[in-house]
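Numbering (my numbering), first residue to last: 521 to 622.
All C-beta atoms in this analysis are idealised placements derived from N, C-alpha and C, irrespective of residue type, glycine included.
Here is the structure we will look at.
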């Protein structure tokens with residue numbers, strides 16, 4: 521029984537490098553998804569950012585909202601998939617408590 525508790529305490533530390541890679545890859549996937557989505561929404565290759573002088577507030581805020589939503593969904597899907605894979609392979613959920621990242 522003590523061995524299982526010890527394993528549970530060490531797994532979150534061991535998961536951190538994998539979590540970093542998953543976070544990086546989810547950011548890359550979200551970027552690709554956002555560029556494709558923006559092209560469908562506005563028929564433009566480049567989405568506006570906050571410092572685009574020639575873009576309106578509406579365009580900038582729409583782009584930010586779409587990008588944020590896509591990033592959150594992709595990151596959650598990648599994180600959840602990674603956590604489930606760790607649980608399947610080790611039998612232990614990769615976080616020390618029942619809470620999430622924050």
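How long is the line joining the alpha carbons of residue i and residue j, rounded to whole angstroms?
{"i": "residue 584", "j": "residue 591", "result": "10 angstroms"}
{"i": "residue 596", "j": "residue 556", "result": "19 angstroms"}
{"i": "residue 607", "j": "residue 547", "result": "23 angstroms"}
{"i": "residue 574", "j": "residue 587", "result": "20 angstroms"}
{"i": "residue 558", "j": "residue 589", "result": "12 angstroms"}
{"i": "residue 600", "j": "residue 581", "result": "28 angstroms"}
Measure the CB-CB distance between residue i and residue j and report whether it falls below 8 angstroms.
{"i": "residue 594", "j": "residue 553", "result": "yes"}
Give the DSSP-derived three-state secondary structure of residue i in the structure shown.
{"i": "residue 546", "result": "helix"}
{"i": "residue 558", "result": "helix"}
{"i": "residue 573", "result": "coil"}
{"i": "residue 567", "result": "coil"}
{"i": "residue 605", "result": "helix"}
- Contact the region 537 to 550 vs the region 563 to 578: 3+ CB pairs below 8 angstroms: no
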